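Numbering follows full-length UniProt numbering, with no gaps: position 65 of the sequence shown is 65.
Beneath this line is the structure, given in structure tokens, with notes to follow.
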Amino acid sequence: MAMYSSFALLFSLISAAVTLSRAAQNGGAVAVELWCVAKNNAEDAALQSALDWACGAGGADCGPVQQGGPCYDAADIQKTASFAFNDYFLRHGMTEDSCNFDNTAALTSLNPSHNNCKFPSSLTVRKGSSSGSSTAGLGPASADLSGSHSIAGRWGWSLIIFHLFFTVTLSFL
Numbered sequence: 001m002a003m004y005s006s007f008a009l010l011f012s013l014i015s016a017a018v019t020l021s022r023a024a025q026n027g028g029a030v031a032v033e034l035w036c037v038a039k040n041n042a043e044d045a046a047l048q049s050a051l052d053w054a055c056g057a058g059g060a061d062c063g064p065v066q067q068g069g070p071c072y073d074a075a076d077i078q079k080t081a082s083f084a085f086n087d088y089f090l091r092h093g094m095t096e097d098s099c100n101f102d103n104t105a106a107l108t109s110l111n112p113s114h115n116n117c118k119f120p121s122s123l124t125v126r127k128g129s130s131s132g133s134s135t136a137g138l139g140p141a142s143a144d145l146s147g148s149h150s151i152a153g154r155w156g157w158s159l160i161i162f163h164l165f166f167t168v169t170l171s172f173l
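What follows is the structure in structure tokens.
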């Protein structure tokens, strides 16, 4: 049983190293699909106010939540606001600040699409014609992610994996 546990640990470490290596090649971040949605505990009046701003001065495309649109639901302010908030988030840099709306919105990795109402995600924007980051800009805006330490990082992980592999292997001899 100890042998199985050791190999499971080794496999987990190698998987983590591969993920981190891919992240380093992807500008220091692992791609995550995100949406900006209305918070469940937000008051309807606050959601309506934020929705009005997003669809007005905020410049979100609220056509799909208008009557006759695929996301129209006059009875559910959360779904309506979520679509508008998400559109604004995708158009304005995909940062935490672009998904706040006076603290009535939050980022989620759970797809809020329902029926024929499809919410584009942060990855959709990245793969499409719009510019943006699939990581939603959750790091510092001025961080240097140029990879200047990427060689040291790759060697470091290689040495750690090498050491762990031989430690586990020698423990069975």
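From the three backbone atoms N, C-alpha and C, an ideal C-beta is built for every residue, glycine too.
Predicted model, so just to flag it, every value in this text is computed and none were measured.
Candidates N116, T167, S121, T124: closest to D73 by CA position: Numbered from its first residue, the sequence shown carries residue 73 at position 73. Nearest of N116, T167, S121, T124 to D73, Cα basis: N116.
Beta-carbon separation (whole angstroms), A81 vs L47, contact threshold 8 Å: To locate residue 81, count along the sequence shown from 1; it is residue 81. To locate residue 47, count along the sequence shown from 1; it is residue 47. Taking C-beta atoms under 8 Å as the contact rule, A81 and L47 qualify, at a distance of about 5 Å.
Simplified DSSP assignment, three categories, for C99: Position 99 of the sequence shown holds residue 99. Correct three-state label for C99: helix.
S142, DSSP secondary structure in three states: Sequence index remark: in the sequence shown, residue 142 carries index 142 (1-based). Because the pLDDT at S142 is just 32, under 50, the model does not fix this residue reliably, and the value given afterwards should be weighed accordingly. When secondary structure is reduced to three states using DSSP, S142 falls in the coil class, being assigned neither helix nor strand.
Residues of its chain near residue 176, where Cβ-Cβ distance is below 6 Å and the 5 sequence neighbours each way are ignored: The question about residue 176 has no answer here: the residues shown for the chain are numbered 1 through 173.
Complete beta strand (DSSP E) runs within the UniProt domain "X8" (34 to 119) (minimum length 3 residues, chain order): Here the runs fully enclosed are 35 to 38, 105 to 108.
Cβ-heavy atom distance, N100 to the ligand COA, below 7 Å: Of the ligands one can find in the structure shown there are none, so the ligand COA has no counterpart to examine.
Contact check, F85 vs C71, beta carbons under 8 Å: Within the sequence shown, numbered from 1, the residue matching residue 85 stands at position 85. Within the sequence shown, numbered from 1, the residue matching residue 71 stands at position 71. Judged by beta-carbon spacing, C71 lies beyond the 8 Å limit of F85, meaning their Cβ atoms are not closer than that value.
Coarse secondary structure for S121, derived from DSSP in three states: The residue given as residue 121 occupies position 121 in the sequence shown. Of the three classes helix, strand and coil, the one that applies to S121 here is coil, per DSSP.
With 16 other Cβ atoms within 10 Å as the buried cut-off, status of L51: By 1-based counting over the sequence shown, the position of residue 51 is 51. Looking at its Cβ environment, which holds 16 or more other Cβ atoms inside 10 Å, L51 is buried.
Beta-carbon gap between A60 and A54 smaller than 8 Å: For this step, residue 60 is matched to residue 60 along the sequence shown. For this step, residue 54 is matched to residue 54 along the sequence shown. Yes, the Cβ-Cβ distance between A60 and A54 is below 8 Å.
Distance between beta carbons of A42 and T104, contact taken as under 8 Å: Within the sequence shown, residue 104 is the residue found at index 104, counting from 1. Within the sequence shown, residue 42 is the residue found at index 42, counting from 1. Indeed, because the Cβ distance is near 4 Å, the residues count as touching under 8 Å.
CA nearest to the CA of N111, picked from G56, K79, Q66: Indexing the sequence shown from 1 puts residue 111 at position 111. Answer by Cα proximity: K79.
Sequence-distant residues of the same chain with beta carbon closer than 8 Å to I77, five excluded per side: Position 77 of the sequence shown, counted from the start, is the residue given in the question as residue 77. Apart from sequence neighbours up to five positions away, the residues of its chain that approach I77 with a beta-carbon distance below 8 Å are A38, D44, L47, Q48, L51, ordered along the chain.
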